[in-house]
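Peer 1: I am attaching a structure below and will ask some questions about it afterwards.
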Amino acid sequence: PTVTIADDNSTVTAKLPSGEEVTVLLHGATVLSWKAAGGQELLWLSEGAVLDGSKPVRGGIPLVFPVFGPPPKNHATSSLPQHGFARSSRWEYLGKSSTEAQSTTSDNSIKLDFGLYSTALSAEARKAWPYDFGLVYSVTLSKEGLQTMVTVQNEGKEAFEFQVLLHTYFRVKDISKTTVTGLAGLPFIDKVANATQGNPAPTVTFSGEVDRVYTNIPQSTTSILDADGKPYIDVVRDNLSDTVVWNPWTEKAKGMGDFQPKDGFKHMVCVEAGAVEGWTKLEAGETWEGGMLAKSHL
Ligand code: BG6
């Protein structure tokens, strides 16, 4: 595998001999691009995404931590911005480790590690969430897919609570013909209707704004099917029991300055693996790990 660091030290790109490729922006440790062996892009990135670190990236895989959505009142995260600080902080590239193929049949993978520590946070974020922590984000590219794992370490003397979510924007050919499976029969929080709903439908389909939070999902895989009903991408959760499904559709897309082109919602779906129901409590000195493996059927 080859690893290239951009001249301006803003991105790290890894490529496998078989053609798969991933690019990570140090701002937010945001995965910007994930390509299948044949070069097909699997993630959606807005043409208006701001990549200079002045705001979170619209597209790719922004990492949500330590709070999902607008922070609740009367919680330690109350003063943080929506979705926390991880996606708006500059991460450190910690290095790579790889397994080389011994033969054409054996696997070949590369892992890129990124770190964010409380000591490196902006003064503002540190003041809003004054805990001592270390985050390591490991992005592993293999023929099987793209694995993104988050390790949270409490390096302080008191417990803290967090939520975490991999806010993945997958690229799809046609949202009106895309379906999401693996959530059948589960109740969900409908952020559009502002209510909790049952879900009698066997699949999630898209014909308007969708913003749903599924929690405590028993099975570990949620799949995106393409227009022909064929499996396209599987999202396999690891130690994460929740999934957010989001598409902003026409009006919400119009309202986001960095969402370009405006009809780009036709070519994306967010299937976001996370732990966003209540809080994960981490005692002093403890470590937590969770993440996902996105497998492409291309
Ligand atoms: C989703 C939320 O995860 O993120 C939506 O469920 C939200 O409610 C969306 O609109 C995008 O958030 P942001 O902060 O990136 O505009």
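Residues 20 to 317, numbered by the UniProt record's numbering, are exactly what the sequence shown covers, in order.
Glycine included, every Cβ here is placed at the ideal spot set by N, Cα and C.
Which residue from T262, T187, D282 and K162 puts its Cα closest to that of G38?
Peer 2: K162
Peer 1: What residue range is occupied by the uninterrupted alpha helix (DSSP H) comprising G274?
Peer 2: W268 to G274
Peer 1: Going by other Cβ atoms of all chains shown within 10 Å of its Cβ, with 16 needed for buried, is P81 buried or exposed?
Peer 2: buried
Peer 1: Just the C-alpha distance for H186 and P149, rounded to the nearest angstrom, thanks.
Peer 2: 24 angstroms
Peer 1: Tell me which residue opens and which closes the alpha helix (DSSP H) that K54 is part of.
Peer 2: Premise fails: K54 lies in the beta strand (DSSP E), T49 to K54, not in any alpha helix (DSSP H).
Peer 1: Please report how far the alpha carbon of A105 lies from the alpha carbon of D247, in whole angstroms.
Peer 2: 37 angstroms
Peer 1: Rounded to the nearest angstrom, what separates N258 and N235 at their Cα positions?
Peer 2: 11 angstroms
Peer 1: Tell me the DSSP secondary structure of R77 in three-state form.
Peer 2: coil
Peer 1: Using DSSP with H/G/I as helix, E/B as strand and the rest coil, what is I236?
Peer 2: coil
Peer 1: Mind reading off the beta-carbon distance from K83 to F189? Whole number of angstroms is fine, and I expect it under 8 angstroms.
Peer 2: Position check: residue 83 holds Val in this sequence, whereas Lys was assumed. In this structure, V83 and F189 do not form a Cβ contact; the two beta carbons are roughly 16 angstroms apart against a cut-off of 8 angstroms.
Peer 1: Using a 10 Å radius around the Cβ and a threshold of 16 neighbouring Cβ atoms, would you call P219 buried or exposed?
Peer 2: exposed
Peer 1: Tell me whether K285 sits in a helix, a strand or coil according to DSSP, three-state version.
Peer 2: helix
Peer 1: Determine the extent of the beta strand (DSSP E) in which K314 is found, giving its start and end residues.
Peer 2: T306 to S315
Peer 1: Taking the C-alpha atoms as reference points, what is the distance between S116 and V211?
Peer 2: 42 angstroms
Peer 1: Using a Cβ-Cβ cutoff of less than 7 angstroms, which residues in the same chain neighbour G58 once the five nearest sequence positions on both sides are dropped?
Peer 2: G38
Peer 1: Q238 and G293: beta carbons closer than 9 angstroms?
Peer 2: No. Outside cutoff.
Peer 1: Could you spell out where the beta strand (DSSP E) holding A33 opens and where it closes?
Peer 2: T30 to K34
Peer 1: Mapping the DSSP letters down to three states, classify A220 as helix, strand or coil.
Peer 2: coil
Peer 1: For E177, collect the residues of the same chain with a Cβ closer than 8 angstroms to its Cβ; drop the 5 residues on either side in sequence, then sort them by chain order.
Peer 2: Taking E177 as the centre and dropping the five residues before and after it, the same chain places the C-beta of Y150 and A303 closer than 8 angstroms to its C-beta, in chain order.
Peer 1: Can you tell me the Cβ-Cβ gap for G103 and P85, rounded? I've got them flagged as a contact below 8 angstroms.
Peer 2: 5 angstroms
Peer 1: Could you pull the start and end residues of the beta strand (DSSP E) that Q115 belongs to?
Peer 2: The displayed chain sequence assigns Lys, not Gln, to residue 115. Unbroken beta strand (DSSP E) run through K115: E111 to T118.
Peer 1: Please name the residue in L184, G88 and E174 whose C-alpha comes closest to that of Y156.
Peer 2: L184
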